[in-house]
Amino acid sequence: MAGSEIKATGYFSTNLSAPKVSFEEALLRGLAPDKGLYMPEHIPTIDEQQQAAFHGMAYYEIAAHVLSAFLGETIPFADLTAMCRDAYTFDVPLEPAGDNLFILRLDQGPTASFKDFAARLMARMMNYFMAKEKRHLVILTATSGDTGSAVANAFYGLEHIDVVVLFPLREVSEVQRRQMTTLHGNVHIAGIDGKFDHCQALVKQAFTDKDLARIPLSSANSINIGRLLPQTVYYWYAASRVCSRPGSPVIFSVPSGNFGNLMGGVLARETGLPVQRFIVATNANKEVPEYLRTGVYQIISPSLMCLSSAMNVGHPSNMARLVALYGGVMDEKGNILRQPDLQRMRNDFLGVSVTDEETMQTMTSVWKEKEIILEPHGAVAWKGAMEYLHKNNTHAQDIPVVVIETAHPGKFPDEVKEATGTLPILPEPLKKIFDKDEQFDELENQYPAFKNYLLKMFS
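Structure follows, in structure tokens:
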């Protein structure tokens with residue numbers, strides 16, 4: 007599937023009040039002018055012949071083929087392949103964990119988070135367009151844990167791009183914080199006296215502030231289509247390794263916070279990946295499992311603090327995209343203006359909410375029974391998978407279940423030590439951050455303070 011055979015699709019806003027745009031414009035804008043999120047107007051199909059070819063391909067090759075289906079000649083196939091090869095220089099292990107049960111470890115990248123997969127390719131795509139047009143860009147992003155470090159690392163040192171990352175001062179681990187605050191240079195970090203939802207709200211307000219129009223802002227959160235499309239790839243990759251043949255079904259258990267990870271999987275399924283069910287595994291911030299159960303969407307505000315900190319999200323931004331795919335409309339505030347096909351959503355998704363106590367118990371039991379170390383986010387996904395398997399006899403149907411582990415256990419040494427009695431080995435990139443100086447600003451949880459911070463830095 008070379009890009010030359012495929013026409014590029016346009017991108018529309020989930021709020022349906024903004025003009026359709028090209029991929030380049032959607033990538034660089036981040037948020038649509040009507041405050042909606044960009045979605046592909048047409049979702050391509052990856053046929054079984056191409057799926058069969060994936061079995062013999064390296065990760066970066068699968069990435070180039072899947073993404074070219076969406077991009078066409080927007081980025082020539084040879085250039086896209088080179089970007090993917092440069093972005094994905096690390097392993098993507100699929101760890102057997104039982105009969106037809108696998109752990110997809112997305113924690114081997116430079117910041118030991120699954121967000122490396124999206125951020126590194128997005129950075130290269132943005133850099134491609136900036137270099138072509140000799141322009142400068144300011145990336146503005148909020149993080150609940152791993153996004154900030156992945157984005158900061160992905161863009162660090164790029165000549166035409168500055169990065170500003172907001173994080174909740176008291177809700178990220180020391181490792182997560184140090185991964186961001188030790189980079190310096192074109193990376194600017196600000197701690198907010200509040201929660202992730204507050205950080206995200208500040209970022210969204212900045213994008214629609216006319217006073218900031220002279221600053222060329224773009225986003226790198228999971229609201230950006232350039233982060234979302236690369237997340238379709240690891241679902242295709244996993245299926246190519248665990249499914250006996252193209253077209254055979256697979257089940258994914260997805261730890262879910264801002265729902266970019268899940269949306270990547272849903273888009274992969276829309277392109278032809280035969281996913282029988284997605285297990286939507288959340289922590290106590292269970293607004294989406296409750297919506298699937300009751301049909302009523304109720305934002306959790308403020309979001310609840312849980313061990314799986316990257317999932318402490320009371321209103322996932324990507325929910326608007328999920329609702330759009332199922333025929334509904336949700337505005338940026340979480341109001342459902344047109345109901346999606348809820349029955350179809352219930353057929354496709356099983357929502358599971360996991361408490362902190364269950365998270366720790368899961369980490370303990372998986373270690374004792376299988377000598378596998380999970381961190382809190384992976385433990386939530388594992389618990390979701392176990393609940394699904396308890397209710398459904400998938401083993402008899404020979405359907406593989408893939409549990410997604412999104413962060414390296416070394417990022418959560420205290421929780422892992424408490425649950426397993428052993429300290430996880432810190433990956434090499436994380437060992438180095440304790441020898442470097444931190445540098446970051448602290449800001450009030452007030453939009454004027456953030457606005458002045460940006461104007462002072464970039465005016």
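By our numbering, the letter at position 90 of the sequence shown is numbered 96, and the numbering carries on one by one without gaps. Just so you know, even glycine gets a beta-carbon here, dropped at the ideal spot from N, CA and C. Small disclaimer: the values here were computed from a predicted structure and weren't measured.
Given a length threshold of 3 residues, each whole run of the beta strand (DSSP E) inside the stretch 247-334 is given here in chain order: 256-261, 281-288.
Under the Cβ criterion (8 Å, minimum of three pairs), the stretch 134-151 counts as touching the stretch 218-225. Ala244 is bridged by DSSP to nothing; it lacks a bridge partner. Two segments are said to touch when three or more pairs of C-beta atoms, one from each, lie closer than 8 Å; by this definition the stretch 228-243 does not touch the stretch 170-182. Under the three-state reduction of DSSP, Met132 is assigned to helix.
Under the three-state reduction of DSSP output, Thr365 falls in the helix class. Ranking Leu356, Asp199, Gly278, Ser315 by CA distance to the CA of Gly253 puts Gly278 first. Bounds of the alpha helix (DSSP H) holding Thr187 are 180-187. Per DSSP, reduced to three states, the secondary structure at Ser465 is coil, with no helix or strand assignment. Restricting attention to Pro382, Ile81, Gly191, Asn106, the CA atom closest to the CA of Ile405 is found in Asn106. When only Cα atoms are considered, Gly384 and Arg283 end up about 18 Å apart. When the Cα atoms are used, Leu268 and Met325 turn out to be separated by approximately 10 Å.
In the displayed model, Gly340 falls within coil according to three-state DSSP, outside both helix and strand.
By the beta-carbon neighbour count (other beta carbons within 10 angstroms, threshold 16), Leu461 is exposed.
Phe355 is bridged by DSSP to Phe284. By the criterion of a C-beta distance shorter than 6 Å, Ile195 is surrounded in its chain by Val171, Met186, Thr187, Phe446, once the five residues flanking it on both sides are discounted. With a cutoff of 8 Å on beta-carbon distance, Ala70 and Thr87 are scored as near each other. Taken through DSSP and simplified to helix, strand or coil, Pro419 comes out as helix.
The alpha-carbon separation between Gly104 and Val407 amounts to approximately 10 Å. Put simply, the backbone Cα of Phe161 is about 8 Å away from that of Arg130.
Assignment of Pro236 by DSSP, reduced to helix, strand and coil, places it in the helix class. Pro102 is the residue among Thr117, Val329, Tyr17, Pro102 whose C-alpha sits nearest the C-alpha of Lys376.
Per the DSSP secondary-structure output, Tyr44 pairs in a beta bridge with Ser19.
Around the beta carbon of Glu139, fewer than 16 other beta carbons lie within 10 angstroms, which makes this residue exposed. Between Gly42 and Glu276, the C-beta spacing is not below 8 Å. Shown here, Val72 sits in a helix according to DSSP, grouped into three states. Arg91 and Tyr65 have their alpha carbons spaced roughly 9 Å apart. Excluding the 5 residues flanking it on each side, His61 has same chain C-beta neighbours closer than 7 Å at Ser246, in chain order. Cβ-Cβ distances below 7 Å link Ala455 to Leu449 in the same chain, with the five nearest sequence neighbours on each side left out; the list follows chain order.
Note that the C-beta distance between Met128 and Leu34 is not below 8 Å.
Assigned with DSSP and collapsed to three states, Asp441 falls in helix.
By the criterion of a C-beta distance shorter than 7 Å, Arg327 is surrounded in its chain by Thr20, Leu43, Met45, Met269, once the five residues flanking it on both sides are discounted. Shown here, Gly197 sits in a strand according to DSSP, grouped into three states. Rounded to whole angstroms, Gly357 and Asn289 show a C-alpha spacing of 11 Å.
Residue state for Phe96 is assigned as coil, using DSSP reduced to three classes. Its chain contains Glu293, Gly320, His321, Gly340 as the residues whose beta carbon lies nearer than 8 Å to that of Ile305, once the 5 sequence neighbours on both sides are disregarded; these appear in chain order.
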